[in-house]
Amino acid sequence: MSKFWSALVSELQPYVPGEQPKMANLVKLNTNENPFGPSPKVIAAIQSELNDNLRLYPDPEGQALKEAIAAYHTDYGISSRQVFVGNGSDEVLAHIFQGLLKHDKPILFPDITYSFYPVYCGLYQIESDVIPLTESFEINPEDYKRPNGGIIFPNPNAPTGRYLGLEHVEDILKANPDSVVVVDEAYVDFGGETAISLVNQYPNLLVSQTLSKARSLAGLRVGFAVGNEELIEALNRVKDSFNSYPLDRLALAGAIAAFEDREWFEKCCGGVIEERERVTAELENLGFEVLPSKANFVFARHPSHEGADIAAKLREQGIIVRHFNKLRISDFLRITIGTSDQNSSLIKGLAFL
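Note that the UniProt record's numbering has the sequence shown beginning at 1, numbered continuously upward.
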C-alpha cells in the first residue's frame, strides 16, 4: 500500500499466473503449455524477420495475420474485417471487457472459470453475477436466460476442461439477442468445435482464441477474436486508445506461419489428445475421478487424499501441477498433458496413493 496509489489500485485483486519455478529436471505440468514445440516453419519465419527492419514499426492493424486467420476459417465465410488481433488472448479479453461488457446490468460468467474474469471486472469496475456450474461442473444454458449486460465463458471451460456443445451455445445466443456473448476458446482445438462457425448467424457472438496452447506459442503472445464487424470495430477503438502496435514484427511473422502449417498443428493436437486419453485412464486406475476434458489438461480428484497434499508430494519429486484453493474445487488438481515421458513420470510419482 502506498499513498501514491489510486483508490482503484488499492482495491484491485490481481490475477495470479501459474508458477514458473526455477528448478532443474522439472516435470512442469501446471501452466497448460503445449508439450510439443512450434512448427519449424514458425521458427524460420521469425528468423527471417531478424534484420534491419526491426527499426521500423510493425503493421498496427496486423492485416496479413488477419487475412491468414480469415483464410484458415474460410469454410465459415469469415473475412479479415471480422478479425481482431492482440498481444495474447488476455489483452484481447481485456479490450472485450472494457469495450463490449461494461453496461448498466451485470455480466454473467460461471463460478468456476478463468480467474481473469473477476480481475477484469475489478479493473474496469464492471458488475457481475456469478452463475454456479451444475453438480457435475457443467454450464447449464438455462441459467443464462436472465437480464444481463453480457455473457462470457470459456469453452472448453477452465479449469474443469468440460465442453459445451454448439447447440447449447446457440441456446444461450438465442436467449440473449441484445447482449454480447463471448465464447473464450483457448482450448477448443483439443477436441471441441469452434463457435466461429456461428459468427455469421449471430451478430451478438464474439469468439476469442489464442496461439499459446494448440499452436505452441505461449512465448510469442498472440491472441485474436472473430465476430460481427461492429464488435470488431469496438475492439479496434479500444486498442487504438491504448496501444496501436500490440504485435511486433516477430510475433506477426510467427503467427502467420503457424496458421499456414496446418499439418504440424493437427499432428501436435492429435498427440496431446492421445496422451490425454492415456493419462485419464491411468489416473482412473489409481482411483481418481477425472472430469471429461476437451482441453490440453485434465481436472481430477482422489476420494482419499486432499488435492493440496497430492500436489505437495508430487512437488517433492520435482513434478508441478496446479492446485486451486477455492470453494468446490479444493480437492481437484489441474494437470497439464505433457510429453509421454512427463506423463509417465506423473503416474509413477503418484505411486504413494
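By construction, the Cβ of each residue, glycine as well, lies at the ideal position given by its N, Cα and C atoms.
(Q) When you compare the CB positions of G122 and Q13, do they come within less than 8 Å of one another, or not? (A) Cβ distance < 8 Å, so G122 and Q13 count as in contact.
Q.
Using DSSP's beta-bridge definition, name the partner residues of V272.
A. Answer by DSSP bridge pairing: none, since V272 is not bridged.
Q) Which of the three DSSP states, helix, strand or coil, is assigned to H168? A) H168: helix per DSSP, three-state reduction.
Q.
Whole angstroms are fine: how far does the CA of T74 sit from the CA of I347?
A. The alpha-carbon atoms of I347 and T74 are separated by roughly 41 Å.
Q.
For the structure I just gave you, are there three or more beta carbon pairs, one from the stretch 206-218 and one from the stretch 226-237, closer than 8 Å?
A. The stretch 206-218 makes contact with the stretch 226-237; the number of CB pairs closer than 8 Å reaches 3 or more.
Q: Determine, using beta-carbon pairs with one atom in the stretch 313-333 and one in the stretch 24-34, whether at least three such pairs fall under 8 Å.
A: Segments in contact, yes.
Q) Would you call the stretch 294-313 and the stretch 321-330 in contact, with 3 or more CB pairs under 8 Å? A) Result yes; three or more Cβ-Cβ pairs closer than 8 Å.
Q | Sheet register partners of G86 (DSSP bridge) | A | DSSP output for G86 lists G223 as bridge partner(s).
Q.
Are the CB atoms of S128 and P118 within a distance shorter than 8 Å?
A. Cβ distance < 8 Å, so P118 and S128 count as in contact.
Q) DSSP three-state call for K28: helix, strand or coil? A) Residue state for K28 is assigned as strand, using DSSP reduced to three classes.
Q) Exposed or buried, what is P58 when buried is set at 16 or more other beta-carbons lying within 10 Å of its beta-carbon? A) It is buried - the Cβ of P58 has at least 16 other Cβ atoms within 10 Å.
Q | Three-state secondary structure (DSSP) of L250 | A | Of the three classes helix, strand and coil, the one that applies to L250 here is helix, per DSSP.
Q) Quick one, which of P159, I196 and A195 has its alpha-carbon nearest L291's? A) With distances taken between Cα atoms, L291 lies closest to P159.
Q) Would you say the stretch 32-49 touches the stretch 163-171, given that touching needs at least three Cβ pairs under 8 Å? A) Counting Cβ pairs under 8 Å, fewer than three are found: no touch.
(Q) Considering only the alpha carbon of each residue, which of F137, C268, S330 and E263 lies closest to F190? (A) Here the closest residue by C-alpha is C268.
(Q) Going by the DSSP bridge assignment, what does A311 pair with across the sheet? (A) In the DSSP assignment, A311 forms no beta bridge with any residue.
Q. Out of Q125, F97, Y187 and Q201, which has the shortest C-alpha to C-alpha gap to L8?
A. Of the candidates Q125, F97, Y187 and Q201, the residue whose Cα lies closest to the Cα of L8 is Q125.
Q.
With distance defined between alpha-carbon atoms, name the residue in N87, L100 and E61 nearest to N228.
A. It is L100.
Q: Just tell me which of L29, A253 and G219 has its CA closest to the CA of D341.
A: Minimum Cα distance to D341 is reached at L29.
Q) Are the beta-carbon atoms of N343 and V279 separated by less than 8 Å? A) Their beta carbons are under 8 Å apart, which means N343 touches V279 by this criterion.
Q | Under the three-state DSSP convention, the category H352 falls into | A | According to the sequence provided, residue 352 is Phe. The question's His does not apply to it. Of the three classes helix, strand and coil, the one that applies to F352 here is coil, per DSSP.
Q. In its own chain, which residues sit with a C-beta less than 6 Å from the C-beta of L283, not counting the 5 before and 5 after it?
A. Within the same chain, L283 has close Cβ partners V290 and A300.
Q | As assigned by DSSP and simplified to three states, the class of L231 | A | Under the three-state reduction of DSSP output, L231 falls in the helix class.
Q) Is it true that the CB of A68 sits closer than 8 Å to the CB of I78? A) Between I78 and A68, the gap from beta carbon to beta carbon reaches 8 Å or more.
Q. So, D184 versus Y114, is the Cβ gap smaller than 8 Å?
A. Y114 sits close to D184, with the two beta carbons spaced by under 8 Å.
**Q.** Residue from K326, R276 and L327 whose Cα sits closest to the Cα of T336
**A.** If we check each option's Cα against that of T336, R276 comes out closest.
(Q) Quick check: what's the CA-CA separation for A295 versus V85? (A) A straight-line Cα-Cα distance of about 22 Å links A295 and V85.
Q) Between the C-alpha atoms of F259 and W5, what's the straight-line distance to the nearest angstrom? A) Here the alpha carbon of F259 sits roughly 42 Å from the alpha carbon of W5.
Q.
Taking its Cβ as the centre, do 16 or more other Cβ atoms sit within 10 Å of A351, making it buried, or is it exposed?
A. With fewer than 16 Cβ atoms within 10 Å of its Cβ, A351 is classed as exposed.
Q: Can you have a look at G62 and say buried or exposed, based on whether 16 or more other CB atoms are within 10 angstroms of its CB?
A: The C-beta of G62 has 16 or more other C-beta atoms within 10 Å across all chains shown, which makes the residue buried.
Q | Distance, V188 Cα to T194 Cα | A | In this structure, the CA atom of T194 is about 6 Å from the CA atom of V188.
**Q.** Segments assigned beta strand (DSSP E), at least 3 residues, entirely inside the stretch 34-67
**A.** Here no run is fully enclosed.
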